[in-house]
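Below is one structure, written out as structure tokens; comments come after it.
In the working numbering, the protein residues as written are 59 to 295.
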């Protein structure tokens with residue numbers, strides 16, 4: 059799997075593109091679609107049945123927004139399976155409406171979707187000073203349950219519920235990478251638990267899971283740089 063990352067936006071949040079063969083998955087809506095195209099070149103979203111969505115990408119000839127040829131693929135287009143949301147906070151979903159309009163499929167827990175519709179919990183009233191309820195139609199949602207699998211090309215990622223920072227926090231993991239949202243940070247820090255739906259007891263249980271992971275796994279955090287989990291565990295609070 060190849061990992062392309064956009065580290066930091068105006069709210070210091072990260073986005074990632076997880077690429078395998080001719081497919082990729084976007085992690086978070088922290089950056090615009092133009093920024094994603096700059097990263098991977100032209101692509102098409104596919105629906106839940108893996109069918110192309112027409113006109114989801116406006117650029118032609120496999121060129122990115124800045125006219126640079128994509129380094130990810132030399133012929134044809136990548137197919138984007140959609141967007142995985144680690145949790146509901148506004149700094150991770152800034153561009154959700156743009157992705158929604160483009161036809162993206164969203165992979166998230168049912169609790170995360172419920173929280174997206176509550177401005178007090180999704181933090182839009184605080185981070186953006188404009189309370190907003192986010193809604194996604196049924197045909198653009200794949201609800202994830204514990205240990206559900208997402209296949210990207212020849213790679214498979216497993217969904218893991220990781221509450222603590224929020225009650226809807228979750229990640230994706232395989233033998234090589236761990237998408238953790240705001241659970242772990244470079245330097246050994248862990249996510250806050252004092253925000254709405256946060257829980258120190260739940261966070262400790264989620265950290266137990268992290269401490270059991272193989273030390274060579276690369277952690278893709280919601281903020282800051284990536285890191286090998288062995289460099290900072292055990293994680294405690």
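Built from N, CA and C at the ideal position, the CB exists for glycine as well.
Check your understanding: Residues bridged to residue 98 by DSSP?
Key -> Reading the chain shown from its first residue, position 40 is the one you call residue 98. Beta-bridge pairing links residue 98 to no other residue.
Review point. What's the gap between the Cα of residue 246 and the Cα of residue 280?
Key: As a working mapping, residue 246 is identified with position 188 in the chain shown. As a working mapping, residue 280 is identified with position 222 in the chain shown. Approximately 14 Å, taken between the alpha carbons.
Practice item. Sort out for me which residues DSSP pairs residue 140 with in a bridge. Key: Within the chain shown, numbered from 1, the residue matching residue 140 stands at position 82. Beta-bridge pairing links residue 140 to 83.
Check your understanding: Quick one: what's got a C-beta closer than 6 Å to residue 157's C-beta in the same chain, skipping five residues either side?
Key -> Stepping through the chain shown from its first residue, residue 157 is reached at position 99. For residue 157, where only same-chain residues beyond five positions count, the Cβ hits under 6 Å are 87, 141.
Check your understanding: Helix, strand or coil: how does DSSP classify residue 123 here?
Key -> Here the question's residue 123 lines up with position 65 in the chain shown. Residue confidence for residue 123 is low, a pLDDT of 44 falling below 50, so the modelled location carries little weight and cannot support an answer.
Practice item. Check whether the Cβ atoms of residue 273 and residue 222 sit closer than 8 Å, and answer yes or no. Key: Position 215 of the chain shown, counted from the start, is the residue given in the question as residue 273. Position 164 of the chain shown, counted from the start, is the residue given in the question as residue 222. No, the pair does not count as a contact, with Cβ atoms beyond the cut-off.
Exercise for review: Thinking residue 143 and residue 170 are a contact (beta carbons under 8 Å), I'd like their distance in whole angstroms, please.
Suggested key: In the chain shown, the residue the question calls residue 143 occupies position 85. In the chain shown, the residue the question calls residue 170 occupies position 112. Going by Cβ atoms, the distance from residue 143 to residue 170 rounds to 6 Å, so yes, they are a contact pair.
Exercise for review: Compute the beta-carbon to beta-carbon distance between residue 296 and residue 160, rounded to the nearest angstrom, for a pair I have assumed lies under 8 Å.
Suggested key: One cannot answer for residue 296 here, as it falls past the ends of the chain, which runs 59 to 295.
Review point. Exposed or buried, what is residue 71 when buried is set at 16 or more other beta-carbons lying within 10 Å of its beta-carbon?
Key: Within the chain shown, numbered from 1, the residue matching residue 71 stands at position 13. Classification of residue 71: buried, given that the 10 Å Cβ count is 16 or more.
Check your understanding: Residues in its own chain within less than 6 Å of residue 131 by CB, not counting five upstream and five downstream?
Key -> Residue mapping note: residue 131 aligns to position 73 of the chain shown, counting from 1. Residue placement at residue 131 is poorly supported in this model, since its pLDDT is 47, which falls under 50; the coordinates are not used for a value here.
**Study point:** Local conformation of residue 264 per DSSP, three classes
**Key:** As a working mapping, residue 264 is identified with position 206 in the chain shown. Here residue 264 sits in helix by DSSP.
**Study point:** Cβ-based neighbour list, residue 111, same chain, cut-off 7 Å, excluding 5 preceding and 5 following
**Key:** As a working note, residue 111 is residue 53 in the chain shown. Excluding its 5 nearest sequence neighbours in each direction, residue 111 has C-beta neighbours in its own chain below 7 Å: 102, 103, 104, 105, 161, listed in chain order.
Practice item. Give the straight-line distance between the Cα atoms of residue 241 and residue 82, rounded to the nearest whole angstrom. Key: Along the chain shown, read from residue 1 onward, the residue named residue 241 stands at position 183. Along the chain shown, read from residue 1 onward, the residue named residue 82 stands at position 24. Straight-line Cα distance between these residues: approximately 23 Å.
Review point. Three-state secondary structure (DSSP) at residue 293?
Key: Within the chain shown, numbered from 1, the residue matching residue 293 stands at position 235. Three-state DSSP puts residue 293 in coil, outside helix and strand.
Practice item. Tell me, please, which residues DSSP counts as bridged to residue 75. Key: For the purposes of this step, residue 75 is taken as residue 17 along the chain shown, with counting starting at 1. Residue 75 is bridged to 62, 84.
Review point. Looking at the structure shown, is residue 153 part of a helix, part of a strand, or coil, going by DSSP?
Key: Your numbering for residue 153 matches position 95 in the chain shown. Correct three-state label for residue 153: coil.
Point to revise | Whole-angstrom C-beta distance between residue 179 and residue 146, which should lie under 8 Å | key: Position 88 of the chain shown holds residue 146. Position 121 of the chain shown holds residue 179. Going by Cβ atoms, the distance from residue 146 to residue 179 rounds to 6 Å, so yes, they are a contact pair.
Check your understanding: Mind pulling the beta strand (DSSP E) runs of 3 or more residues that sit fully within the segment 194-273?
Key -> 199-201, 207-210, 213-219, 228-231, 235-239
Review point. I think residue 77 touches residue 237, with their Cβ atoms under 8 Å apart; what is that distance to the nearest whole Å?
Key: Position 19 of the chain shown, counted from the first residue, corresponds to residue 77. Position 179 of the chain shown, counted from the first residue, corresponds to residue 237. Not a contact, Cβ separation roughly 14 Å.
Review point. With distances taken from CA atoms, which of 295, 288, 283 is nearest residue 73?
Key: The residue labelled residue 73 in the question sits at position 15 within the chain shown. Taking only the C-alpha atoms, the option nearest residue 73 is 283.
Check your understanding: Helix, strand or coil: how does DSSP classify residue 285 here?
Key -> In the chain shown, counting from the first residue as 1, residue 285 sits at position 227. DSSP places residue 285 in strand when its eight states are reduced to three.
Check your understanding: Can you tell me where the alpha helix (DSSP H) with residue 182 in it begins and where it stops?
Key -> Reading the chain shown from its first residue, position 124 is the one you call residue 182. 182-185 is the extent of the alpha helix (DSSP H) around residue 182.
Check your understanding: For residue 215, which residues from the same chain have a beta carbon less than 6 Å from its beta carbon, with the 5 sequence-adjacent residues on both sides left out?
Key -> The count along the chain shown starts at 1 and reaches residue 215 at position 157. Contacts found: 208, 230, 232.
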